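Number of protein chains: 2
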Amino acid sequence: MDRNVMKIDESGAVDGWIRWVRLSPPSLQDNTADADRLKNQLKKQLNTGNVEIDLSVLRELPFRLRDWGYAARCVVVKEGDADLWHLIGVSNPLENQRIVGVAVDLGTSRVVIRLVELSTGEILFDASFDNPQLGVGPDVLTRIHACDQPGGLEKLNRMIVDALNRQIRDACNSCGLDTGDVYFVALAGNTSMTHLFMGLSPRWLIREPYIPVVNSPDVQKADAYGLQINPAGRVFILPNIGSYFGGDLIAGILHSGINRQADPAILVDVGTNAEVVLGNDSWLVACAGAAGPALEGGVAQIGMMAGPGVIDRLRIDPETRVFQVHTIDEMLPIGICGSGMIDLAANLFLSGMIDLRGRFVPEMCGRKLVMRSRIAYLEIVSADESGTGQPLVISQADMDSLIRSKAAMYTILETITESVGIALTDLKAFHVAGTFGAFIDPVSAVSIGMLPDLPPKTFRSLGNTSLEGATQVLTSCESMTAIEGIREKITYLELNVNQTFMNRFSAAKFLPHTDRSRFPSVKTRP
Amino acid sequence: MDRNVMKIDESGAVDGWIRWVRLSPPSLQDNTADADRLKNQLKKQLNTGNVEIDLSVLRELPFRLRDWGYAARCVVVKEGDADLWHLIGVSNPLENQRIVGVAVDLGTSRVVIRLVELSTGEILFDASFDNPQLGVGPDVLTRIHACDQPGGLEKLNRMIVDALNRQIRDACNSCGLDTGDVYFVALAGNTSMTHLFMGLSPRWLIREPYIPVVNSPDVQKADAYGLQINPAGRVFILPNIGSYFGGDLIAGILHSGINRQADPAILVDVGTNAEVVLGNDSWLVACAGAAGPALEGGVAQIGMMAGPGVIDRLRIDPETRVFQVHTIDEMLPIGICGSGMIDLAANLFLSGMIDLRGRFVPEMCGRKLVMRSRIAYLEIVSADESGTGQPLVISQADMDSLIRSKAAMYTILETITESVGIALTDLKAFHVAGTFGAFIDPVSAVSIGMLPDLPPKTFRSLGNTSLEGATQVLTSCESMTAIEGIREKITYLELNVNQTFMNRFSAAKFLPHTDRSRFPSVKTRP
């Protein structure tokens, strides 16, 4: 686990939202009010000019301070980039009452929540569930249009807020916690999903000139959003850069750390769109483009999201051309996901079963190539070895679609590096986010020319960067400053589909590329 | 009316909580989010680094900005002394929708509320009512003890919050306003009253070492206190310096302006205690002492608070010794208030009817002096001229009590000026606050040696400074900075009742003073 875990000591040299304070008790010589006394100490420890205290905490404060001998464990939160901190909870410094935060990856399809102990950074619980808005529409566009109906936005908003409340409550129950122990929610999602969560109209996100209601949401009280956690609890939503570049990507940058390295590195997140960030500790460029569906396995007839029985890895013996498939949970195969498709294309190419334009080569495919209604299909798994009772096949059209996707991806990578005058081979680190990144074999992706020909160790799979970035916010105050830094540094590159782009795209539609010299490591059969 | 009235123009050179903004509309070239666009403009106009937007405002914002052509009238509020502003309301810049604030003088006995139009500073409505906590106890101490009962604090808190809600609603109705038009409440009161309003335990205010829960309350949302105004409305409570020096006095200093003048000036507020502030634009000293009851008319048998039929002014012809009384509303006299008592003492002294120790002089009082149960009484109003059917009389004990009070007042004034090494005669301005200040005749007060012998024009009656100070907060953002400046500058002088104090007190128990040279203007009959 590559995550900042909070360092704690009593000297105040900590970076988390939990702070221990010890005050000198009041006397006739020093009769400062309780709240002002605590604020003065917190100001010192937090190195800030301003601390405010929530009324619910203030009302308990004089009793608690006297009970605890003028010491307390304090839950604090910073007000965005203003020099203002809020004290939102106090607990007995001698007891280990749990103080918890929830990280949320608010995906269009799946939502992941994670309970984190704020004092230690310990992960207590992970859970994921379908975004209930799927019932309104599977994609963002349908949901945005649904908001134009009377009560539509309120309905979609309630769906996700209610689901989060339910899931947070269940997660707390599983850990023997009360929702009142939750003081902080950090939430990352794309711009549309965070707008729906906040109850903000997404109407203008999809209409020229594509204007979000807000890019940098303020830290709000949880009850403003209807979240049922501690009444003083706060919600931090990772900011977006625009309608098509969301807080999930900012979380990804934060987690990847590309913004902290001197060497330029790249972060790629493949979902419905391919989102790419390139940069280092002094600049960041981002862009997004349509490259995803085929890579996610969403286009091929047998393509599906990763899940039990789905082919995620595949090998073809270049000599015997025997297929070896691996499925998730090692069940009988029922379909193929993006990483499986990439392995398939790479192995077909390396064994000569497809040519450099991705066309099936009949003499190499042999009996695996079958015609149905005049369309050529390649059998990947025979009927008697498949989990569906039917053979698993891909068509020439499926393969063409994959090749267009890989070409689009490479073209985006070429365009973004070109835009800042560096070569793809200059990259010292190449981060791949998401489920896609978790399963993909970089060697296969390089073989088909989807990713640049870099040493395999250059590629790094980061997992759910949206969740990890949100988790980082829960355990590090510095992360807020870092996020603000990312926001200020980043330039969004509009991908103009002009002649240069189309030329690059055409050149990339070959396996691995028209310019073979770019992929020296890819060795096909002579 | 000596109050800062807000200056407004479209250049941004304003000092109120209402700001007009005009934005450039979004385009493909400038696709900043609505909220961020508005924030950037407000940051410029407010000269601040941080603006936050309440969620309720944010949800309406994209619709409103488009309806209004990217212009808006904004209601903003500053977060204490942090460089952070909140946008809490927007309204159509072309309509004159009223945006209102409520100033509250939260007195132990009487509460005064005032509705103020925030755009213009116009006073729309004043109302006053008895503090409903009088039902629990007339004085602060009884109420504080009542809080030790289970549910006691909650009961006292609900009493005042409910009464304020009722009165604000009625006041709004009277002006054709809705409580939703109220965005700001500024409240001044003594430390105990503000603690009860905030729902904070006053328990430790009266127990050594006399610690308030809070001196500088943060700006809170009205609903945190249970106040029913606009849901985004804010409450600003004027800070106290300690248990015995409340926000009402800070309001007084703000209104008097002594903190903005180079010449040292003094502010005196006589209530249950005499509270005194001395200072100028670089320093402030404050103290409080028991001097009040007799001066408020609270001790004499016929003493009462100012009201219809109460003697507020009195003259005795030095030749004929005929009494001329003036009553409030010119009704038949039923009692005498503080200013009447001071006039009485001064005139009795100047006409020789009391001696320099305040003793009745029988040969001068003549038939007005009567004995009842061996006690000497002086008849002020005969039975047939009185509104009660009984003669209005004061006893020697009443007069002694008044003299102790005036001596205490003078001693406090002498002590506080002495503490900073200036003479009472150095004072260029002498402000008297409150009802007491509104009625008192400075010449009479000087005649008995209660106030120093300064030219009459030096004395200035300020009226309800607590209400006026709170009103100033409603119309001037600068006032918040000024209040913070007052808080930081002020030194609280503990009045040690030591030998020096007692010596001064004894010397001040003569009329006008043992040291006659201090009162050259006071001419008694030879």
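Line by line, the protein sequences give chains W and H.
All you need for my numbering is the position in the first sequence, starting with 1, plus 1425.
All you need for my numbering is the position in the second sequence, starting with 1, plus 1425.
All residues carry an ideal CB built from backbone N, CA and C; glycine is no exception.
Being a predicted model, the structure only gives us computed values, none of them experimental.
In this structure the region 1592-1599 of chain H touches the region 1530-1550 of chain H; the number of beta carbon pairs closer than 8 Å is three or more. Residue-level contact check: H/Y1635 touches chain W, since one or more beta carbons of chain W fall below 8 Å from its beta carbon. Within 10 angstroms of the beta-carbon of W/T1567 lie fewer than 16 other beta-carbons, which makes it exposed. When C-alpha distances from W/A1713 are compared across W/Y1835, W/L1486, W/I1443, the shortest belongs to W/Y1835.
Proximity of chain W to H/P1656 at the Cβ level (cut-off 9 Å) is not reached, the minimal Cβ distance being about 10 Å. Residues L1838, E1839, T1842, P1877 of the same chain have their beta carbon placed closer than 7 Å to that of H/L1849, with the five preceding and five following residues left out of the count. C-alpha of W/M1618 to C-alpha of W/P1557: approximately 12 Å in a straight line. For W/Y1802, the beta-bridge partners assigned by DSSP are W/V1795, W/S1820.
Between the region 1890-1902 of chain W and the region 1747-1759 of chain W, the count of C-beta pairs closer than 8 Å stays below three; the two stretches do not touch.
Here the region 1653-1667 of chain W makes no contact with the region 1487-1498 of chain H; the two share fewer than three CB pairs at distances below 8 Å. Close CB contacts of W/R1659 within its chain, under the 8 Å cut and outside five residues either way in sequence, are with V1502, H1511, I1513, Y1608, F1609, V1610, V1644, Q1645, K1646, A1647 (chain order). With 16 or more other Cβ atoms from the protein chains shown falling within 10 Å of its own Cβ, H/N1772 counts as buried. In its chain, beyond the 5 residues on either side, F1930, A1933, K1934 have a beta carbon closer than 6 Å to the beta carbon of H/A1832.
Contact annotation: the region 1788-1799 of chain W does not touch the region 1848-1866 of chain W, with fewer than three C-beta pairs closer than 8 Å. If you draw a 10 Å sphere on the C-beta of W/Q1466, you find 16 or more other C-beta atoms in it, and that means buried. Taking 9 Å as the Cβ-Cβ cut-off, the region 1928-1941 of chain H has no residue approaching chain W. With a cutoff of 8 Å on beta-carbon distance, H/R1498 and H/Q1470 are scored as not near each other. Taken through DSSP and simplified to helix, strand or coil, H/R1498 comes out as strand.
In the DSSP assignment, W/R1746 falls outside any beta strand (DSSP E), carrying neither H nor E.
Neighbours of H/S1641 in chain W, taken as residues whose beta carbon is under 7 Å from its own, are D1461 in chain order.
Taken in chain order, the complete beta strand (DSSP E) segments of 3 residues or longer contained in the region 1866-1890 of chain W are 1884-1888. Residue-level contact check: W/S1516 does not touch chain H, since none of the beta carbons of chain H fall below 8 Å from its beta carbon. Distance from the CA atom of W/C1572 to the CA atom of W/R1628, rounded to whole angstroms, is 7 Å. Following the DSSP letters along the chain, one finds W/R1912 inside the alpha helix (DSSP H) bounded by residues 1903-1914. Across the set W/L1739, W/V1786, W/L1781, W/E1744, the C-alpha of W/L1739 shows the shortest separation from the C-alpha of W/D1768. DSSP, read as helix, strand or coil, puts H/K1831 in helix.
At a cut-off of 3 residues, the continuous stretches assigned as beta strand (DSSP E) that sit fully inside the region 1671-1698 of chain H are 1690-1695. Contact annotation, H/V1818 with H/L1803: C-beta distance approximately 6 Å; criterion of less than 8 Å satisfied.
The DSSP-derived three-state label of H/W1445 is strand. Considering only beta carbons, the part of the region 1484-1501 of chain W lying closer than 8 Å to chain H consists of R1484, L1486, P1487, F1488, in chain order.
Restricting attention to W/P1733, W/A1863, W/I1741, W/P1743, the CA atom closest to the CA of W/M1756 is found in W/P1733. Taking the beta carbon of W/I1478 as reference, the chain H residues within 8 Å of it are V1639, D1643, listed in sequence order. The three-state secondary structure of H/D1573, taken from DSSP, is coil.
Interface annotation, W/L1453: in contact with chain H, CB-CB separation under 8 Å.
In chain order, N1456 make up the part of chain H whose C-beta sits under 7 Å from the C-beta of W/G1667. Interface residue (Cβ-Cβ distance to chain H less than 8 Å): W/L1509 is classified as such.
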